[in-house]
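Engineer:
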Amino acid sequence: MAIGKYFTVMVATAIKFFNGPIAGLLLELTWWETAVCTILGMMLTVISVLVIGTSVRSLIQKYRKTPAKLFSRRTRFAVRLWKRVGIWGISCFTPLFFTPIGGTLLALSFRVPVLRILITMSIFAVFWGITLTYALFQLSTLQTLLLHK
Numbered sequence: 109m110a111i112g113k114y115f116t117v118m119v120a121t122a123i124k125f126f127n128g129p130i131a132g133l134l135l136e137l138t139w140w141e142t143a144v145c146t147i148l149g150m151m152l153t154v155i156s157v158l159v160i161g162t163s164v165r166s167l168i169q170k171y172r173k174t175p176a177k178l179f180s181r182r183t184r185f186a187v188r189l190w191k192r193v194g195i196w197g198i199s200c201f202t203p204l205f206f207t208p209i210g211g212t213l214l215a216l217s218f219r220v221p222v223l224r225i226l227i228t229m230s231i232f233a234v235f236w237g238i239t240l241t242y243a244l245f246q247l248s249t250l251q252t253l254l255l256h257k
């Protein structure tokens, strides 16, 4: 059943973006079916994290007894990245280096408006979804290796 294959690609994308095109290739979907499922998987993850993340953030702030640690290795990295690239860079790098969950949480941590996160993430989900899926499906050597044909 194709719906099960589509769902598998979307879940694989939620874990790590590049897993979606690989799953679509292994499940023998067409490249455009894989690209659409990859894009939908990322955007459903982004929307879920936005809904859950804002609620969890307000809940944590409400019950937190001690203030959050201001200077840690992770916060320094995040601030440096934010200063260099902003929301557009974070959205661009999310499919490549972060997970859809991680990139969305990073954008939320800098209090970027939800609509702006949705717009920028969707632009780069479409761009990278089509680009990476098409490139992977065109690599016939890799296709033969993965599918053992």
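Residues 109 to 257 in my numbering are what the sequence shown spells out, letter by letter.
Note that beta-carbon positions come from the ideal geometry of N, C-alpha and C, so glycine has one too.
Go ahead and pull the three-state DSSP assignment for Phe185.
Structural biologist: Phe185: helix per DSSP, three-state reduction.
Engineer: Quick check on Leu133: does DSSP put it in helix, strand or coil?
Structural biologist: Here Leu133 sits in helix by DSSP.
Engineer: Just how far apart, CA to CA, sit Met118 and Lys170?
Structural biologist: Computed Cα separation, rounded: 33 Å.
Engineer: Drop a sphere of 10 angstroms on the beta-carbon of Trp196, count the other beta-carbons inside from all chains shown, and report buried for 16 or more, exposed for fewer.
Structural biologist: Burial call: exposed.
Engineer: Nearest chain C C-beta to Pro203 closer than 8 Å, yes or no?
Structural biologist: Considering every chain present, this structure includes no chain C. It has just one protein chain.
Engineer: Give the single residue among Leu214, Thr121, Thr212 and Leu135 whose Cα lies nearest to the Cα of Gly112.
Structural biologist: Considering only alpha carbons, the answer is Leu135.
Engineer: Between the C-alpha atoms of Ile209 and Thr174, what's the straight-line distance to the nearest angstrom?
Structural biologist: Going by the C-alpha atoms only, they are around 26 Å apart.
Engineer: For Met151 versus Ala233, is the C-beta distance shorter than 8 Å?
Structural biologist: Yes, they are a contact pair.
Engineer: In terms of residues, what are the limits of the alpha helix (DSSP H) holding Leu216?
Structural biologist: Per DSSP, Leu216 belongs to the alpha helix (DSSP H) from Pro208 to Ser217.
Engineer: Put Val234 into one of helix, strand or coil per three-state DSSP.
Structural biologist: The answer is helix: DSSP assigns Val234 an H, G or I state.
Engineer: Express the C-alpha separation of Arg192 and Trp140 in angstroms, rounding to a whole number.
Structural biologist: Between Trp140 and Arg192, the C-alpha separation is close to 34 Å.
Engineer: Between which two residues does the alpha helix (DSSP H) holding Phe115 run?
Structural biologist: Start and end: Ala110 to Ile123.
Engineer: Considering only their Cβ atoms, is the gap separating Ile123 from Thr241 smaller than 8 Å?
Structural biologist: Not in contact: Thr241 and Ile123 (Cβ atoms no closer than 8 Å).
Engineer: Quick one: using the 10 Å Cβ neighbour count with 16 as the cut-off for buried, is Thr162 buried or exposed?
Structural biologist: Result: exposed.
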